[in-house]
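>
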Amino acid sequence: MDNEKTQLQPSTTSYLKFLIPSLIGIFLFMIPISYKGEVTIPVALFADWLQGLLGESIPAIMTWIIALAVILSFIAVIAKPAFIMNNTFLKSLFHVRPFWLITRLLGMIFAFMTLYEIGPEWIWSPDTGGLLLTGLIPVLFSVFLFAGLFLPLLLNFGLLELFGALLTKIMRPIFTLPGRSSIDCLASWLGDGTIGVLLTSKQYEEGNYSKREAAVIGTTFSVVSITFTIVVLKQLELDAYFGPYYLTIVLAGFVAALILPRIPPLSKKKDTYVDESDVRNTEDIPEGMSIFSWGMKSAANTAQKTKSFDVIVKGGFQNVLDMWMGVIPIVMAIGTVALGIEAATPIFEWLGKPFVPLLQLMQVPEAANAAQTIVVGFADMFLPALIGVEIIESEMTRFIIACLSVTQLIYMSEVGGLLLGSKIPVNFKDLVLIFLERTLVTLPVIVLMAHIIF
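Numbering follows numbering that gives the first Met the number 0, with no gaps: position 89 of the sequence shown is 88.
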């Protein structure tokens with residue numbers, strides 16, 4: 000494959016075919032812009048526009064999309080019609096294992112109960128199913144639409160090949176990841192966790208990441224968007240601290256990204272690919288070529304092979320359907336259960352008690368109240384902010400909560416549910432362990448920064 004690439008001589012048209020879509024993709028997914036006083040990225044801006052356009056109709060739209068996904072899943076599993084079984088995409092989307100079939104069914108039931116406010120209140124209340132169906136899922140609906148449609152700009156025109164060449168000597172020794180993952184990690188970190196999971200899952204399914212690499216990226220870099228970090232800060236009444244706040248998030252996230260891939264459960268994931276092969280995608284630079292020239296040549300060759308834009312558009316729509324019908328039902332099911340447990344039981348408060356001595360040792364004010372917010376972040380990353388602003392007076396402690404809730408990263412109402420619903424090889428036990436590890440690794444960094452700042 001490398002010899003073939005070396006022999007190909009890309010034309011000027013091929014370089015333009017690489018540069019134009021890739022630059023548009025970088026702009027859409029990774030360039031923060033200021034709009035109406037808020038920092039966001041263009042894809043999120045489009046998503047906000049669509050949400051404003053459709054308004055309160057999105058929960059009903061998504062409920063019926065979930066219902067359609069469940070119906071087609073039962074048809075695929077029970078009847079196995081040819082139009083599904085002979086289509087690779089439809090088969091992968093609807094012919095699922097019994098566990099995921101039941102989970103999708105639960106997601107549909109919870110969605111209808113929430114939409115029409117029927118059944119036990121713990122399912123449809125504004126703090127549980129209502130938070131998901133009217134708060135989170137409209138965001139996912141619109142983000143998935145534009146992210147799914149535009150993802151081919153990052154994936155199909157050579158940008159990964161360029162970054163693979165440029166950054167392989169950085170990504171592999173520091174984060175144990177291939178150089179091509181750098182664009183994924185950047186999009187995941189600067190853009191949105193949901194975009195990161197979608198991008199990582201697609202790369203894994205296409206054989207570009209091993210199981211271990213996909214698990215590392217999906218659980219280490221898929222942080223919430225810059226926009227949402229600002230929402231968390233505002234909720235905790237710390238608007239003036241955005242600069243040190245985001246610096247702390249980056250530092251803590253960097254430390255976690257150094258450590259977590261090297262310890263279980265991530266270090267125990269197999270370095271085999273989706274087809275179970277162990278043939279690593281080589282990123283070696285041919286002799287006589289600079290890193291940049293080889294990266295540009297590889298990128299242009301990839302763009303040159305992308306013959307039809309119809310295929311790209313089709314792939315974009317498949318991305319959207321995959322996330323709407325394959326992932327959102329899982330988020331609704333798992334998120335509702337997690338939030339219901341948090342609302343109806345003191346289990347998260349109990350689980351937080353072991354952190355009290357640790358916080359006291361680190362001289363964190365109001366340690367007992369702060370400990371209550373630590374574990375609840377596993378259900379939803381916004382819950383620590385909602386709880387913390389009510390029970391904690393210390394600005395320093397609220398700052399710690401704001402940083403920790405973002406860098407813990409694994410929360411079941413969004414990223415956790417998305418990971419379980421995706422093809423990325425992680426299970427619920429893995430997510431619990433990674434959440435706790437991220438908490439223990441990032442907490443000392445965050446507390447140290449808080450002592451410096453306050």
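Cβ atoms here follow ideal geometry from the backbone N, Cα and C, with glycine treated the same way.
According to DSSP, is THR199 helix, strand or coil?
Helix, per DSSP.
> Skipping 5 residues on each side, what residues in its chain have a beta carbon closer than 6 Å to that of ASP1?
Its pLDDT being 45, under 50, ASP1 is placed unreliably by the model, and the measurement read from it follows with that caveat. Around ASP1: no qualifying Cβ.
> Since I believe ILE340 is in contact with ILE333 (beta carbons under 8 Å), could you give me their beta-carbon distance rounded to a whole number of angstroms?
Actually they do not touch by this definition, with Cβ atoms about 11 Å apart.
> For LEU435 and VAL249, I'd like the C-alpha separation in whole angstroms.
Distance between the alpha carbons of LEU435 and VAL249 is about 19 Å.
> Does the beta-carbon distance from LEU418 to GLY217 come in below 7 Å?
Yes, the pair counts as a contact, with Cβ atoms nearer than the cut-off.
> Please identify the residue among THR133, THR199 and PHE111 whose C-alpha is closest to the C-alpha of LEU150.
It is THR199.
> For ASP309, count neighbouring Cβ atoms within 10 angstroms of its own Cβ and tell me buried if that reaches 16, exposed if not.
Exposed, because fewer than 16 other Cβ atoms sit within 10 Å of the Cβ of ASP309.
> To the nearest whole angstrom, what separates the beta carbons of LYS155 and ILE311, a pair I think is in contact under 8 Å?
The sequence shown places Asn at residue 155, not Lys. About 6 Å separates the two Cβ atoms, so the contact holds.
> Assuming GLU436 is part of the alpha helix (DSSP H), what are its boundary residues?
427-452 is the span of the alpha helix (DSSP H), which, as asked, contains GLU436.
> Can you tell me whether LYS352 is helix, strand or coil according to DSSP?
Looking at LYS352 - three-state DSSP - the assignment turns out to be coil, as it is neither helix nor strand.
> Which value, in whole angstroms, describes the spacing of the CA atoms of ILE65 and ASN318?
ILE65 and ASN318: Cα-Cα distance of roughly 16 Å.
> Specify the secondary structure class of GLY285 as computed by DSSP and reduced to three states.
For clarity, residue 285 is Pro in the given sequence; the question names Gly instead. Coil.
> How would you label ASN465, buried or exposed, when you count the other beta carbons within 10 angstroms and need 16 or more for buried?
Since the first and last residues shown for the chain are 0 and 453, residue 465 lies out of range.
> Closer than 7 Å, CB to CB, is THR438 near chain C or not?
Structure shown: chain C not included; a single protein chain is present.
> Considering Cα atoms alone, identify which of ILE23, GLU236, PHE145 and MET361 is closest to GLY314.
Closest by alpha carbon: PHE145.
> For a quick check, are the C-beta atoms of VAL444 and VAL222 less than 7 Å apart?
Not closer than 7 Å, so no.
> Taking 8 Å as the cut-off, does the stretch 14-30 touch the stretch 289-305 (at least 3 CB pairs, one atom from each stretch)?
Short answer: they touch.
> Determine the extent of the alpha helix (DSSP H) in which PRO97 is found, giving its start and end residues.
Note, PRO97: alpha helix (DSSP H), 97-115.
> Grab the span of the alpha helix (DSSP H) containing ARG261 for me, first residue to last.
Per DSSP, ARG261 belongs to no alpha helix (DSSP H) and is neither H nor E.
> Taking C-alpha atoms, which residue in TRP123, ASP47 and ILE108 lies nearest to ALA343?
Considering only alpha carbons, the answer is TRP123.
> For PHE316, I'd like the list of residues in its chain whose CB is within less than 8 Å of its CB, leaving aside the five on either flank, ordered along the chain.
These residues qualify, in order along the chain: GLY147 and LEU148.
> Give me the Cβ distance between TYR244 and LEU232, rounded to the nearest whole Å; I'm assuming they're in contact under 8 Å.
Rounded, the Cβ-Cβ distance is 6 Å, consistent with contact.
> Alpha carbon to alpha carbon, how far is LEU166 from PRO58?
Those two C-alpha atoms are separated by around 42 Å.
> Looking at the secondary structure, which residues open and close the alpha helix (DSSP H) in which ILE340 lies?
Start and end: 327-343.
> Under the rule that 16 or more other beta-carbon atoms within 10 Å means buried, what is SER421, buried or exposed?
That one is buried.
> Using the three-state DSSP reduction, which class does LEU235 fall into: helix, strand or coil?
The answer is coil: DSSP assigns LEU235 none of H, G, I, E or B.
> Please name the residue, chosen from PHE398, VAL336 and GLY376, that lies closest to PRO364 on a Cα-to-Cα basis.
Taking only the C-alpha atoms, the option nearest PRO364 is PHE398.
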